[in-house]
Amino acid sequence: MRKSHLRTIFSASLLCAGISTSVAAVEPGMYLYNWFGLLAPETPKEFEQETGTGVHMDAFDSAEIMQSKVMAGRTGYDVVVATSNVLPSLIQAGVLQPLDRNQLSNFSHIDPDILSQLAVNDPGNRYAVPYLWGTTGIGYDVDKVKAALGDNAPVNSWDLIFKEENISKLQSCGVAMLDSPSEIISIALNYLGLPSNSKNPDDYQKAQALLLKIRPYILYFDSSRIDADLADGNICAVVGWANGALAAQAINEKSNTGRKINYSLPREGALSWSENLVLLKDAPHPKAGMAFINYMLRPEIIAKTSNHTLYPNANKDATEFVEQKLRDNPWIYPDKKTIATLIPLEPLPLKLERIRTRIWTKVKSGV
Numbered sequence: 204m205r206k207s208h209l210r211t212i213f214s215a216s217l218l219c220a221g222i223s224t225s226v227a228a229v230e231p232g233m234y235l236y237n238w239f240g241l242l243a244p245e246t247p248k249e250f251e252q253e254t255g256t257g258v259h260m261d262a263f264d265s266a267e268i269m270q271s272k273v274m275a276g277r278t279g280y281d282v283v284v285a286t287s288n289v290l291p292s293l294i295q296a297g298v299l300q301p302l303d304r305n306q307l308s309n310f311s312h313i314d315p316d317i318l319s320q321l322a323v324n325d326p327g328n329r330y331a332v333p334y335l336w337g338t339t340g341i342g343y344d345v346d347k348v349k350a351a352l353g354d355n356a357p358v359n360s361w362d363l364i365f366k367e368e369n370i371s372k373l374q375s376c377g378v379a380m381l382d383s384p385s386e387i388i389s390i391a392l393n394y395l396g397l398p399s400n401s402k403n404p405d406d407y408q409k410a411q412a413l414l415l416k417i418r419p420y421i422l423y424f425d426s427s428r429i430d431a432d433l434a435d436g437n438i439c440a441v442v443g444w445a446n447g448a449l450a451a452q453a454i455n456e457k458s459n460t461g462r463k464i465n466y467s468l469p470r471e472g473a474l475s476w477s478e479n480l481v482l483l484k485d486a487p488h489p490k491a492g493m494a495f496i497n498y499m500l501r502p503e504i505i506a507k508t509s510n511h512t513l514y515p516n517a518n519k520d521a522t523e524f525v526e527q528k529l530r531d532n533p534w535i536y537p538d539k540k541t542i543a544t545l546i547p548l549e550p551l552p553l554k555l556e557r558i559r560t561r562i563w564t565k566v567k568s569g570v
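Here it is as structure tokens:
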């Protein structure tokens with residue numbers, strides 16, 4: 204799901220840290236399969252210094268790539284980072300092993316609210332430990348949106364995007380969306396007052412009609428471009444991730460461009476998702492894998508990854524170690540009242556996944 208804006212930095216840090224980026228040459232240690240950029244560069248070396256166990260890591264930039272490789276089995280990996288809505292298929296396929304809580308002395312640090320949301324995709328929280336999490340909402344250029352829609356622009360509502368009279372006025376400064384059918388179509392369903400993960404095929408036709416209505420005003424769908432384009436002023440509104448808007452804001456503040464970037468979790472509800480640590484059933488080094496998961500549950504350790512990636516973590520006791528600017532930002536660390544409005548991203552039965560894929564093809568093409 205997440206294509207990190209820190210990918211180049213992260214790739215270089217792998218080389219500097221001496222982390223293996225291939226499991227082809229089997230060496231003693233712990234083998235990790237993770238998204239690009241979703242780990243503080245110093246953490247593997249510090250883990251090795253403390254435990255004597257080296258960390259060998261491969262990185263991916265697509266949940267589909269990760270899922271297909273893990274489903275095939277015999278990957279050589281011990282620990283994998285899996286997005287919440289992918290968990291049910293991995294659990295059903297039997298490729299994960301339940302986590303032994305007796306080996307997770309730091310489990311008590313996890314925020315129970317985030318655990319509760321994760322339980323939608325991992326009943327009983329048996330297989331996954333929440334690692335980082337985030338939301339999908341609206342990032343926008345404050346002044347450009349105000350110029351297009353006036354002082355009362357509905358930036359705290361999905362009306363900004365889904366009402367034709369609003370998005371049509373934003374067309375001149377550019378509107379873009381994630382290339383993510385699971386997220387965009389779920390948001391559209393929720394906006395229509397329908398279940399965000401509806402099991403009724405007719406509901407998806409209604410979501411399609413809504414998206415096709417606003418399609419002429421959407422510049423593009425691309426999960427990797429939107430952050431940079433928002434930062435550079437090439438677009439003025441995105442349906443995207445909170446950390447992307449924060450990165451765009453930070454770039455403009457550092458460059459003193461005068462451009463103001465903001466992020467909204469719409470009042471109708473925004474999507475939430477988590478990236479989770481799981482242990483493969485055929486992990487060659489399960490004890491080392493469990494030790495690494497437990498290590499990442501330490502508040503001062505996971506805080507380093509939050510500071511590096513700009514993603515919040517699921518550790519309720521790590522907040523004091525997170526940089527103040529990040530932890531005080533309500534986009535990244537919303538309050539409990541806001542968290543209660545968030546909608547967990549869930550998978551769909553295969554039949555409905557096919558319907559959603561066909562709808563997305565139509566929406567992207569505008570046909």
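Heads up: the sequence shown begins at 204 in my numbering, then just goes up one per residue. Beta carbons: idealized from backbone N, C-alpha and C, even for Gly.
- Across the structure, Val298 and Leu363 are spaced so that their CA atoms are roughly 42 Å apart.
- Taking the Cα positions, Leu392 is about 8 Å away from Lys409.
- Within the DSSP bridge table, the entry for Pro404 names no partner.
- Taking the Cβ atoms as the reference, Ala473 lies roughly 6 Å from Leu545, within the contact range of under 8 Å.
- Of Leu290, Asn497, Gly240 and Ala506, the smallest CA-CA separation from Glu267 is found for Leu290.
- If you compare the alpha carbons of Pro326, Asn309, Ser509 and Phe239 with that of Gln295, the shortest gap goes to Pro326.
- Contact annotation: Ser477 and Leu293 have beta-carbon atoms that are not nearer than 8 Å.
- Glu503: member of the alpha helix (DSSP H) spanning Pro502 to Thr512, first to last residue.
- Straight across, the Cα-Cα distance linking Arg501 with Ala350 is about 46 Å.
- Here Ile464 is near Ala451, since their CB atoms are less than 8 Å apart.
- When only Cα atoms are considered, Tyr420 and Gln411 end up about 15 Å apart.
- The Cβ atoms of Asn400 and Glu526 do not sit closer than 8 Å to each other.
- Closest in C-alpha terms to Thr339, from the list Tyr466, Arg418 and Trp238, comes Tyr466.
- Here the region 257-265 makes contact with the region 230-241; the two share three or more CB pairs at distances below 8 Å.
- Relative to Ser475, the option among His312, Asn324 and Pro244 whose CA is nearest is Asn324.
- Counting the other Cβ atoms within 10 Å of the Cβ of Thr286 gives 16 or more, which makes it buried.
- Apart from sequence neighbours up to five positions away, the residues of its chain that approach Met499 with a beta-carbon distance below 7 Å are Tyr334, Leu480 and Ile505, ordered along the chain.
- The residues Ala521 and Phe524, in chain order, have a CB closer than 8 Å to that of Glu503 in the same chain once the five nearest residues on each side in sequence are set aside.
- Comparing alpha-carbon positions, the option among Val273, Gly443 and Glu386 lying closest to Lys484 turns out to be Val273.
- Under DSSP, Val282 shares a beta bridge with Leu235 and Leu482.
- DSSP places Ser467 in the uninterrupted beta strand (DSSP E) bounded by Ile464 to Ser467.
- DSSP places Gly443 within a strand segment (E or B) once states are collapsed to three.
- In this structure, the CA atom of Asp354 is about 54 Å from the CA atom of Ala275.
- For secondary structure counted as the beta strand (DSSP E) over 3 or more consecutive residues, the region 320-375 holds these complete runs in sequence order: 331-344.
- Just measuring C-alpha positions, the residue of Leu352, Glu367 and Gln300 sitting nearest Asn328 is Gln300.
- Assigned with DSSP and collapsed to three states, Pro552 falls in coil, not helix or strand.
- For Phe250, the uninterrupted alpha helix (DSSP H) segment begins and ends at Thr246 to Thr254.
- Taking 8 Å as the upper bound for CB-CB distance, Met233 and Val284 are not in contact here, some 13 Å apart.
- Listed in chain order, the non-local C-beta contacts of Gln306 below 7 Å within the same chain comprise Met493 and Asn497, local neighbours out to five positions each way being set aside.
- The secondary-structure analysis by DSSP pairs Asn516 across a beta bridge with Leu335.
- Apart from sequence neighbours up to five positions away, the residues of its chain that approach Ala356 with a beta-carbon distance below 7 Å are Val348, Lys349 and Leu363, ordered along the chain.
- By the Cβ-count criterion, Pro404 is exposed, with fewer than 16 other Cβ atoms from all chains shown falling within 10 Å of its own Cβ.
- With a cutoff of 8 Å on beta-carbon distance, Ala491 and Thr256 are scored as near each other.
- A distance below 8 Å between beta-carbons, with the five flanking residues on each side excluded, links Asp303 to the following residues of its chain, in chain order: Met493.
- Note that the region 378-387 touches the region 421-435; at least 3 beta-carbon pairs, one per stretch, sit closer than 8 Å.
- Under the DSSP assignment, Ala379 falls outside any alpha helix (DSSP H), being part of the beta strand (DSSP E) whose first and last residues are Val378 to Met380.
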